[in-house]
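Remarks on the structure that follows.
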Amino acid sequence: MAHGPLPLEEVWRRLSERGDPSPELRSVAEAALERNARVPTILDLRGLSDVTDFFLIATGDSDTHARAISENILDRTREDGFRPVGVEGLNAGRWVLMDYVGLIVHVFLGEVREFYRLERLWGDAPLFELE
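Counting in this note's numbering, the sequence shown runs from 36 upward without gaps.
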């Protein structure tokens with residue numbers, strides 16, 4: 036179910052109603068917002084995916100912006116004691132994927148995000164756009 040953009044605290048409250056969201060998710064969301072990620076969106080995949088519980092999807096205005104968002108996420112999660120098991124695409128910055136097991140982060144350029152449309156692919160998942 037889609038909502039208009041919501042503050043992180045409200046999204047966190049709504050996610051918590053379905054069970055405890057992963058602590059990595061909050062770190063990642065805050066880090067993406069700090070670097071002015073465009074249309075940061077959380078998909079709650081609990082009960083829908085055997086691979087992960089959450090996606091955080093964000094857009095950068097350029098490959099440099101996408102890398103800056105991604106590097107801030109990596110720095111922030113490292114500071115908070117979380118490390119991804121894999122990172123792909125950081126050098127190119129067109130689609131950066133960071134796998135935290137229970138959370139997969141996708142940072143796209145706009146046209147790449149539009150092409151893959153992960154939100155549509157996972158259309159049954161509760162979706163929360165952050166403001």
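Glycine is no exception: its CB is placed at the ideal position from the N, C-alpha and C atoms.
Rounded to the nearest angstrom, how far is the Cβ of residue i from that of residue j, given a contact under 8 Å?
i: Leu43; j: Leu165; result: 6 Å
i: Glu154; j: Leu162; result: 6 Å
i: Val140; j: Leu91; result: 5 Å
If the criterion is Cβ atoms closer than 8 Å, does the pair residue i and residue j meet it?
i: Gly95; j: Ala72; result: yes
i: Ala101; j: Val74; result: no
i: Arg53; j: Asp79; result: yes
i: Pro23; j: Phe89; result: Any property of residue 23 remains undetermined from this structure, which presents the chain solely from 36 to 166.
i: Gly124; j: Trp130; result: yes
i: Gly14; j: Asp98; result: A query on residue 14 cannot be resolved here, the shown segment of the chain reaching from 36 to 166 and no further.
Report the partner residues of residue i according to the DSSP bridge assignment.
i: Asp79; result: Phe89
i: Trp130; result: Phe143
i: Gly95; result: Leu144
i: Glu164; result: Thr76
i: Glu59; result: Bridge partners of Glu59: none, in fact.
i: Gly116; result: Looking at the DSSP assignment, Gly116 forms no beta bridge with any residue, so it has no partner.
i: Glu69; result: Partner(s): none; Glu69 has no beta bridge.
i: Val122; result: Met133
i: Leu109; result: Beta-bridge pairing links Leu109 to no other residue.
With a threshold of 7 Å on Cβ separation, who are the neighbours of residue i within its own chain once the five nearest residues in sequence on each side are excluded?
i: Ile104; result: Ala67, Arg70, Ala72, Ala93, Gly95, Val142
Among the residues of its own chain, which have a CB less than 6 Å from the CB of residue i, if the five just before and after it don't count?
i: Arg111; result: Ser62, Ala66
i: Pro119; result: Met133, Asp134, Tyr135
i: Asp115; result: Ser62
i: Arg81; result: Asp88
i: Gly158; result: none
i: Leu109; result: none
When every heavy atom of the ligand MG is checked, does at least one fall within less than 7 Å of the C-beta of residue i?
i: Val136; result: As far as ligands go, the structure on display features none, and thus does not contain the ligand MG.
Starting from the C-beta of residue i, find all residues in its chain whose C-beta is less than 8 Å away, skip the five residues before and the five after it, and write them out in chain order.
i: Val46; result: Ala64, Ile77, Phe163, Leu165
i: Tyr151; result: Trp130, Phe143
i: Met36; result: Confidence at Met36 is low in this model, with a pLDDT of 49, below 50, so the placement of that residue should be treated as unreliable; the coordinate-derived value is given next. These residues qualify, in order along the chain: Pro161, Leu162.
i: Asn107; result: Ala66, Ala67, Glu69, Arg70
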